[in-house]
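Just so you know, the sequences run in chain order Y and R.
Residue numbering for the first sequence follows our numbering, starting at -5 and increasing by one per position.
Residue numbering for the second sequence follows our numbering, starting at -5 and increasing by one per position.
Protein chains: 2
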Amino acid sequence: MTRTFALTIAYDGTDFAGWQVQPGQETIQGTLQSAIKKSTGHDVNVTGSGRTDAGVHALGQVASCRFANWTASPLALLKAINSRLPETVVVVSVQDAPTDFHAIRDAIGKRYRYQIQVRHQRDPFEHRYRWRLRRDVDVAAMIKAAAKVIGHRDFSSFESAGAARKTSVRHVRDCQVIVADDYRTTGHLAIEVEANGFLYNMVRNIVGTLVEVGYGKQPPEWVDHVLDRQDRTLAGQAAPPQGLFLKEVYYQPGFQPQSC
Amino acid sequence: MTRTFALTIAYDGTDFAGWQVQPGQETIQGTLQSAIKKSTGHDVNVTGSGRTDAGVHALGQVASCRFANWTASPLALLKAINSRLPETVVVVSVQDAPTDFHAIRDAIGKRYRYQIQVRHQRDPFEHRYRWRLRRDVDVAAMIKAAAKVIGHRDFSSFESAGAARKTSVRHVRDCQVIVADDYRTTGHLAIEVEANGFLYNMVRNIVGTLVEVGYGKQPPEWVDHVLDRQDRTLAGQAAPPQGLFLKEVYYQPGFQPQSC
């Protein structure tokens, strides 16, 4: 009997060449498939809700996979896979899903978190997980600019080249700048963006644009202008990968994989 | 004219074979000396306040080094060295020191921090910096046990083999269990120990012993017994290196290198 499972996965993407299997490269998908093979003997395809790029992390990536023949519990599967994974990848939960559950096709939204550290000097303990800004930023201006990203509209100004999508219209439900309680000492900021879907590099392009505003190079209203023109060359440079975390993936009512 | 500098250094020791130069291995001392050579042309010996083991980190390691001939400012030296260091090592400050300043000989005390995470499941983002305990611990019992470590006494029960010191008497000025505000969700604990000097592996042996108490295998009073007997075989196993941070080094009044 075929059983479909939903896996929730967290990983530190620093030392991986992204999610998707590539010959001769360490990838998250390849690492998971190999751990399943070693621990259960099954050759399965692990379908992620989306491909994260090299260096990008996940707190709650969701993947679906089908076993032609697995009779033990989801918990037994979780333990088996985790026993063969490196310290940098962990399966947080495994759940029985509807047989036709598909992690990409059924996703109705995602939330990303992008972590920043405003700090003149390097920090050996944060460089894997934060983009370091060497100069002070105007946080109030960034908060204003972030609010302008929210809405149902064409986001082609925030889409990096190389992707071909039917439409570049998306609904950004939330975009906020989160200032850490200890911001004055740590310089920790985060930008969280939630949408029904994302264009290629969209979060990193939004973050790069908000940082331009933070640096005072552009006023918050500039974000409206950039969006209206639908021209990628206007927006800020893409923020680097190490600050980005896929935080949560949302599904149709009726089946929601457990989050981290 | 010979000038002596005091360097304060922070590093993520995960990918290093410890502080001390060893042929064919990446070490912190070797990395610093090579960065100084590349950026200034000077061959100098960087003397650390103590050798940290493989996988051990530092927030405020202090080192001394002498330049036969350096006419620029300490800040210029700091920038030069940092320009040639990897992301995992950073010189936090460089100061002019008395000519005869010596980072080992002049040290009168140190403070270490040991980080723990009480969590059933692996955490891909903390495994480099915390010892994970898979079972709950009795934090109140650990706090009681930690207080018993404080004092001026023989600590040979907490000294790992391989070291030859004149005396195993040390003065532990402080030993405390720090419970994170968000302990209930993160499971983050830290143990900080300050003393006039440390025996080999002393902090890791103290932490291993406090965790035995936390697990309820021994009562807090057991620490007194272990110390009184001066027998290494009685104490708990040494905690693993990745939780340990050299936090601060103290010097004679008159010259104190800037801390992080």
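From the three backbone atoms N, C-alpha and C, an ideal C-beta is built for every residue, glycine too.
Computed from a prediction, not measured in an experiment: that's the story for all the values here.
Residue environment: S43 of chain R is assigned as buried (16 or more neighbouring CB atoms within 10 Å of its CB, all protein chains considered). What E81 of chain Y touches in chain R, judged by beta-carbon distance under 7 Å, is R116, P118, H121, going in chain order. At a Cβ-Cβ threshold of 8 Å, Y106 of chain R and L204 of chain R do not count as neighbours. Judged by DSSP secondary structure, G208 of chain Y falls within the alpha helix (DSSP H) whose first and last residues are 196 to 208. Using a C-beta cut-off of 8 Å, the segment 89 to 102 of chain Y makes contact with the segment 54 to 67 of chain Y, since at least three inter-stretch Cβ pairs fall below that distance. Annotation for I110 of chain Y: no alpha helix (DSSP H) segment contains it, though the beta strand (DSSP E) segment containing it runs 101 to 112.
Within chain R, no residue has its CB atom less than 9 Å from the CB of V112 of chain Y, the nearest being about 16 Å off. For the pair T21 of chain R and T82 of chain R, the Cα-to-Cα distance works out to about 12 Å.
According to the DSSP secondary-structure assignment, E120 of chain Y is paired through a beta bridge with no residue.
Of all C-beta pairs linking the segment 188 to 207 of chain Y to the segment 141 to 153 of chain Y, three or more are shorter than 8 Å, placing the two stretches in contact. Annotated three-state conformation of A184 of chain Y is strand, per DSSP.
Per DSSP, the beta bridge partners of W125 of chain R are R:I110. With its beta carbon at least 8 Å from every one in chain Y, A232 of chain R lies outside the interface. It is roughly 16 Å from the alpha-carbon of A66 of chain R to the alpha-carbon of S77 of chain R. At a cut-off of 8 Å between C-beta atoms, V86 of chain Y counts as an interface residue with respect to chain R.
For the options R:F119, R:I75, R:L69, the alpha carbon positioned closest to that of Q252 of chain R is the one of R:L69. Interface criterion met: the Cβ of Y5 of chain Y is under 8 Å from a Cβ in chain R. Linking Y5 of chain R to D168 of chain Y through their CA atoms gives a straight-line distance of about 37 Å. In this structure, G181 of chain Y sits away from R128 of chain Y, with a CB-CB distance that is not shorter than 8 Å. As a beta-bridge residue in DSSP terms, V56 of chain R pairs with R:T2.
Considering only R:P235, R:R226, R:I144, R:P214, the residue with the shortest C-alpha distance to A11 of chain R is R:P235. DSSP links S87 of chain Y through a beta bridge to Y:T2.
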